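Peer 1: Please read through the structure below; I'll follow up with questions.
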Amino acid sequence: MIQLIVNGQPQRFPVSPAETGTRDTDAVALNVTQLLEHMGLQGKRIAIERNGEIIPRSKFDQPILVEGDQLEIVVAVGGG
Amino acid sequence: MDNIIIAGKAYSSRLLVGTGKYKDFDETRAAVDASGAEIITVAIRRTNLGQNPDEPNLLDVLPPSRYTLLPNTAGCYTVEDAVRTLRLARELLDGHTLVKLEVLGDPKTLYPNMMETLKAAEILIKEGFQVMVYTSDDPIAARQLEEIGCVAVMPLASLIGSGMGILNPWNLQIIIENANVPVIVDAGVGTASDAAIAMELGCDGVLMNTAIAAARNPVLMASAMKKAVEAGREAYLAGRMTKKLYNASPSSPVEGTIAGSHQQKDRDKS
Chain A
1 MIQLIVNGQP QRFPVSPAET GTRDTDAVAL NVTQLLEHMG LQGKRIAIER NGEIIPRSKF
61 DQPILVEGDQ LEIVVAVGGG
Chain B
1001 MDNIIIAGKA YSSRLLVGTG KYKDFDETRA AVDASGAEII TVAIRRTNLG QNPDEPNLLD
1061 VLPPSRYTLL PNTAGCYTVE DAVRTLRLAR ELLDGHTLVK LEVLGDPKTL YPNMMETLKA
1121 AEILIKEGFQ VMVYTSDDPI AARQLEEIGC VAVMPLASLI GSGMGILNPW NLQIIIENAN
1181 VPVIVDAGVG TASDAAIAME LGCDGVLMNT AIAAARNPVL MASAMKKAVE AGREAYLAGR
1241 MTKKLYNASP SSPVEGTIAG SHQQKDRDKS
């Protein structure tokens, strides 16, 4: 399990051994596609920011999410 | 065609509408359709964690293929928040760069913070955004925003959500006279006549949300606003008559009236 701060709330997500990260060999990592599946947001129109930087869709399958990352996941809503 | 050109693209509707404060998505869509607007603003917000995943999404109701979506920075009080919000919006809307920037200065009045607005606009323009910018009705601020490259300046008519109408037509007139980009009144319109007055002053367009959404019948008000913007634009193009306190120039011919003929006869008899 790793803990991520999603929209200001700490949340824990399971990480299987097969999903262990490549960015830092000591840390387990998760990719965005898996995260969105855990959250029931797969296929939704969202944009996601990690520690203040946009994660482009091209990186959604790379295991870049590590313990303590702060994520913002946004949608378009009605507004003036 | 009398189009409005924003960042090189022509739009036939000069009415831009927001999508907030509606009862539900059906009402949002019905009001947007009745308004005839092609450019509609949307806000960018955190997803509701734990919401029903099947809940409809605004973009399903108002697809970007049919409307030009204008993501806004409503609720942002700092340069950083505004810039981050629009970067997320660009990602969300597949690289879409036309945006509405507003940086607020005060939660009570929602008055814009012009120093921060200028800084945010500069950053966004450098990053390739096409910035339509909400501004106070200060002609100097409007000029500076144009100079740094904003594609439209959008002065308030009165405070956001106030419905107070056009409080300073003189400032708007100065802004319009000096601007080389579209001037769009954003905020303060309360009813159809306000929209018509804005257009008669020579504004290129009007952006509104609450005036429609908070009407008793939003869809009917959206239709009224469409007509008001069109009527005001035509009146502006037609060029109004000059105002004068009085001038004995009736609309009907002065010659050939029968009025007074009896008195004339009476006078002849006597």
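Protein sequence lines, in the order shown, are assigned to chains A and B. Numbered by the numbering used here, the letters in the first sequence go through residues 1 to 80 in order. Numbered by the numbering used here, the letters in the second sequence go through residues 1001 to 1270 in order. A virtual CB, placed ideally from N, CA and C, is assigned to each residue, including glycine. From a predicted model like this one, the values you see are computed outputs, not experimental measurements.
Can you tell me whether A/Thr25 is helix, strand or coil according to DSSP?
Peer 2: Note on A/Thr25: pLDDT 47, under 50, position unreliable in the model; the coordinate value appears next. Of the three classes helix, strand and coil, the one that applies to A/Thr25 here is coil, per DSSP.
Peer 1: Distance check for B/Pro1107 and B/Asn1113, CA to CA, integer angstroms please.
Peer 2: C-alpha separation (whole angstroms): 11 Å.
Peer 1: Please state whether the Cβ-Cβ distance between B/Thr1047 and A/Ile73 is less than 7 Å.
Peer 2: Contact flag set, yes.
Peer 1: Go ahead and pull the three-state DSSP assignment for B/Lys1108.
Peer 2: Coil at B/Lys1108, not helix or strand.
Peer 1: Would you mind sorting B/Asn1003 into buried or exposed? The rule is 16 or more other CB atoms within 10 Å of its CB.
Peer 2: Exposed, because fewer than 16 other Cβ atoms sit within 10 Å of the Cβ of B/Asn1003.
Peer 1: In chain A, what lies closer than 8 Å to B/Val1032 by C-beta?
Peer 2: Correct list: empty, because the minimum Cβ distance to chain A is about 10 Å.
Peer 1: Between B/Ala1272 and chain A, is the shortest Cβ-Cβ distance under 7 Å, so that the two count as touching?
Peer 2: The first residue shown for chain B is 1001 and the last is 1270, placing residue 1272 of chain B beyond what the model contains.
Peer 1: Cα separation between B/Ser1251 and B/Thr1242?
Peer 2: Their Cα atoms are separated by approximately 15 Å.
Peer 1: How many Å lie between B/Val1185 and B/Arg1143 at the Cα?
Peer 2: Each residue's alpha carbon lies about 15 Å from the other.
Peer 1: Report, in whole angstroms, the separation of the C-beta atoms of A/Gln9 and B/Leu1049, which I expect to be a contact under 8 Å.
Peer 2: So it is a contact: roughly 6 Å between Cβ atoms.
Peer 1: Could you pull the start and end residues of the beta strand (DSSP E) that B/Val975 belongs to?
Peer 2: Lying before the first or after the last residue shown, residue 975 of chain B is absent from chain B, which here runs from 1001 to 1270.
Peer 1: In three-state DSSP terms, what is B/Ile1004?
Peer 2: DSSP places B/Ile1004 in strand when its eight states are reduced to three.
Peer 1: Which of the residues in the stretch 1187-1209 of chain B, read from start to end, lie with their CB under 7 Å from any CB of chain A?
Peer 2: The residues in question are Asn1209.
Peer 1: Give every residue of the same chain whose Cβ lies closer than 6 Å to the Cβ of B/Ser1065, excluding the five residues on either side of it in the sequence, and list them in chain order.
Peer 2: Here the set comprises nothing.
Peer 1: So B/Arg1090 and A/Glu49 are in contact, right, with Cβ under 8 Å, and what is the actual spacing, rounded?
Peer 2: No, B/Arg1090 and A/Glu49 are not in contact; Cβ-Cβ is about 12 Å, not under 8 Å.
Peer 1: Cβ closer than 9 Å: which chain B residues qualify as neighbours of A/Gln62?
Peer 2: Correct list: empty, because the minimum Cβ distance to chain B is about 16 Å.
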